[in-house]
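There are 2 protein chains.
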Amino acid sequence: MKGIRALARHLDLSMSTVSKALNGRFDINADTRERVLKGAAKLGYVANQSGRALRQGTTRTVGFMIESNQASSTDSDNFFMAVCDGVQNVFRRHRLDLIVLPCASDEDPAEYLGRIVARGLVDALIISATRHNDPRIALLENAKVPFVTLGRSGDVTHPWVEMDFEGVAKLSVDRLVERGHQRIAVSLPETDLNLGHLFLKGYKKALKSHGIPFASELAVRTKSSEAGGYELGSTLLKLRPRPTAVILSYELPAGGLYRALNDTGIIPGQDLGVIAFRESLITQHLVPRITSFATSLRDLGIALGETLLSTMPDFRDAYPHAALQRIFPMELVAGDSDPPLVNPVRGSDT
Amino acid sequence: MKGIRALARHLDLSMSTVSKALNGRFDINADTRERVLKGAAKLGYVANQSGRALRQGTTRTVGFMIESNQASSTDSDNFFMAVCDGVQNVFRRHRLDLIVLPCASDEDPAEYLGRIVARGLVDALIISATRHNDPRIALLENAKVPFVTLGRSGDVTHPWVEMDFEGVAKLSVDRLVERGHQRIAVSLPETDLNLGHLFLKGYKKALKSHGIPFASELAVRTKSSEAGGYELGSTLLKLRPRPTAVILSYELPAGGLYRALNDTGIIPGQDLGVIAFRESLITQHLVPRITSFATSLRDLGIALGETLLSTMPDFRDAYPHAALQRIFPMELVAGDSDPPLVNPVRGSDT
DNA sequence: AAATTGTTCGAAAACGTTTTCGACGCTATA
DNA sequence: TATAGCGTCGAAAACGTTTTCGAACAATTT
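For the protein sequence lines, the chains are S and A, in the order given. First residue of the first sequence: 4, per the working numbering; consecutive thereafter. First residue of the second sequence: 4, per the working numbering; consecutive thereafter.
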């Protein structure tokens, strides 16, 4: 026989007393509590998850939904696990557990999430790879499950934390213009990830501030893969006049882009400036090293955790003034892929 | 009021009937079953996980434990998520769910696993990053929880699936010797991962078969990171006589190694041959491209799933002759990092 | 017509835990 | 002495589900 009943019998106490001792209730004598704790440790008793969850109506578990296909194409250096580490750092103080829910590549994310929510597997959720007007937002709000997204879903208000896509796009354009570029391409995700909208917005704003007209042929949708980068390279090289620089909203295609350029005798960086959104193994190892932007993924996880807890009734007291929406700043990591243009075509604004 | 009770009332049936209809029992009229299914779909009823798990004594959930620190240093291209996709492909046929259990970097893996097991969160486990004589093996066997490991734990017999580290090490040496190399270094993990033992074993065997004596200074322990690769490079270049090639048991340090070589004016590939264990974004993007070995991670996941199910009483019937131990073959991906030596030093065996 | 079998459903128990509420003994107060 | 209060513990209910077992009825056989 296992469980709290066995432990109670072994200690010659009632189940209620044992339970209360283990859970730190105040109507238990200090000596008996001690005895119970010792006994539990000795017998290796840990409360059964299902029983506790059923009775309490809470699992003390938070799910982090990621899409395995999306992950394998988004993730060049284990982005998600680093973020998890930050989230867990926050959760452990509240005895909350984090589990990762991998949505298989052949399953609809919204359906998957719906099942998870309906089964009551978790108390709250973190979801990533947010799409523009992502249907999962409505689902979660409807089910009244606390959640936070890694990346907002358009203009609807909900708790989110995201990296500063718009700011990075803007800074990238500024930097390139400053270095003599005028014809700057931008690579956007092929899917409807909301970050694409934000990146394009920042790109357009920055162009406008420099008096450069937006040319739609310079905004190229790119598959999130090495092959996508190669295609991007071919596309860019066909444009007339040819762009002198390109900003990648995502770093993974950079390798393919370099390859496409090298195959055509174009030297990356020198003949075509390149800036990528996020520093990763890719941006570090390619030659010339790509100028990119970085942030602490662990801190990003901490922000996610805190934002989420501040929306949960049982925990919000601990985070009285946590922002429900939070843009995470990115720091420039200067590389060698965007040197000043040798023969800059000066724009009208300089 | 939620739950099966509400649904039963709404349909004017008993809870038992509804439950049996939903679970496909055979003592329910086809019409009533139809009616129940419709009603459940309409009301969006899904059985509560805790209630079901408590009653059945089974969660129909399998955990995949990964270590977030280990992951972020092991994972240059989202290895785990690709494997998950394969596992889920097997599981979905049996209505099993997969959740990923990320062990925080500041938590002891064995303790973490112990808690998971004691709480009865999952029916079975997949564990990765297996160490030599990993304490988790004994823990799982003791708790009688079905499990499979990604990588065996030394000589103890337990269900495992692993990539062919020994074979790859051997093939790498063969290939390098064939191309004129005699003084071949090998990079091994700094930690006690069992794959290090296997890799070294294959390396030694191959050397012996070519009549080359093993030199312990050529077996270098390397941190699983870019920085570790740089250190490796410095170490190798100090050796006299200098090795003409190096085999990496893990590809991530390759970038740092290249950097160390380039910094010293040594051309990777040409002046020092390089072979890396597994193809990844790293091996693809570095120039010259590294010769490596590849396999389908999805198939690896499928093998893991099948092996695990064949050890679970409720599912083993579906996998009558699945091997409990399985070495996954790796395929050579020839790159440009190990061309034939220009002035080969012929060994005694040729 | 009676007895047997088969089909379909419902009442109630069970899973392991927490929590409410009352019981009990003791001390301090009136 | 009687009463109130306090500290400590236990009995029992409750959480949502599945499953066992028997009831009710219809169909078939004797």
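Ideal placement from N, C-alpha and C gives every residue a C-beta, glycine not left out.
A/Met84 has a beta carbon lying within less than 8 Å of a beta carbon in chain S. When Cβ-Cβ separations below 8 Å define contact, A/Gln328 makes no contact with chain S. Here the alpha carbon of A/Gly6 sits roughly 33 Å from the alpha carbon of A/Cys106.
DSSP links S/Thr64 through a beta bridge to S/Asp100. A Cβ-Cβ separation of about 7 Å places S/Val189 in contact with S/Val249 under the 8 Å criterion.
Taking the beta carbon of S/Val21 as reference, no residue of chain A falls within 8 Å; the closest one sits roughly 16 Å away. For A/Glu193, the three-state secondary structure derived from DSSP is coil. When DSSP states are grouped into helix, strand and coil, A/Ser219 belongs to the helix group. If you look at S/Val39, you'll find it in the alpha helix (DSSP H) that goes 33–46.
The count of Cβ pairs closer than 8 Å, one atom from the region 98–114 of chain S and one from the region 84–102 of chain A, reaches three, so the stretches are in contact. What S/Gly123 touches in chain A, judged by beta-carbon distance under 7 Å, is Asn51, Gln52, Ser53, going in chain order.
In this structure, the alpha-carbon of A/Thr267 lies about 40 Å from that of A/Glu110. Within the region 269–297 of chain S, those residues whose Cβ lies closer than 7 Å to any Cβ of chain A are, in chain order, Leu284, Ile285, Gln287, His288, Leu289, Val290. If you check the CB distance, S/Leu124 and A/Gln52 come in under 8 Å.
Look at the region 98–118 of chain A: the residues with a C-beta under 7 Å from a C-beta of chain S are Leu101, Ile102, Val103, Leu104, Pro105, Ala107, Ser108, Arg118. Within chain A, no C-beta atom comes nearer than 9 Å to that of S/Leu10; the closest sits roughly 12 Å away. A/Ile330 and A/Ser283 have their C-alpha atoms some 20 Å from each other. Less than 8 Å separates the beta-carbon of S/Ala43 from that of S/Leu10. Sequence-ordered contacts of the region 222–235 of chain A with chain S read Glu229 [C-beta pairs closer than 7 Å]. Under the 8 Å criterion on CB atoms, S/Leu57 is classed as interfacial with respect to chain A.
Against S/Gln185, chain A offers no close residue; the least beta-carbon distance is about 29 Å (beta-carbon pairs closer than 9 Å). Considering only A/Gly236, A/Met333, A/Asp30, the residue with the shortest C-alpha distance to A/Thr294 is A/Met333.
The C-alpha of S/Asn265 lies about 20 Å from the C-alpha of S/Tyr253.
The beta-carbon of A/Gly308 is placed no less than 8 Å from the nearest beta-carbon of chain S. The beta carbons of S/Ala218 and S/Asp177 sit no closer together than 8 Å. In the DSSP annotation of this structure, the continuous segment of the alpha helix (DSSP H) that includes S/Gly232 starts and ends at 229–241. Taken in chain order, the whole alpha helix (DSSP H) runs of length 4 or more contained in the region 167–193 of chain S are 168–181. Excluding sequence positions up to five before and after S/Leu240, its CB lies within less than 8 Å of the CB of Ala263, Leu264, Thr267, Ile269, all in the same chain and listed in chain order.
A/Leu25 is the residue among A/Glu37, A/Asn145, A/Leu25 whose C-alpha sits nearest the C-alpha of A/Arg55.
Here S/Gly304 carries a helix assignment [DSSP, helix/strand/coil]. Secondary structure at S/Gln328: strand, using DSSP grouped into helix, strand and coil. Judged by DSSP in its simplified three-state form, S/Thr225 adopts strand.
The DSSP-derived three-state label of S/Gly276 is strand. Contact between the region 125–142 of chain S and the region 286–301 of chain S is absent: fewer than 3 CB-CB pairs across the two stretches fall below 8 Å. Beyond the five residues adjoining it in sequence on each side, A/Ala325 comes within less than 7 Å, by CB distance, of Glu309, Thr310, Ser313 in the same chain, given in chain order. Distance between S/Ala113 and S/Ser22, taken at the CA atoms: about 38 Å.
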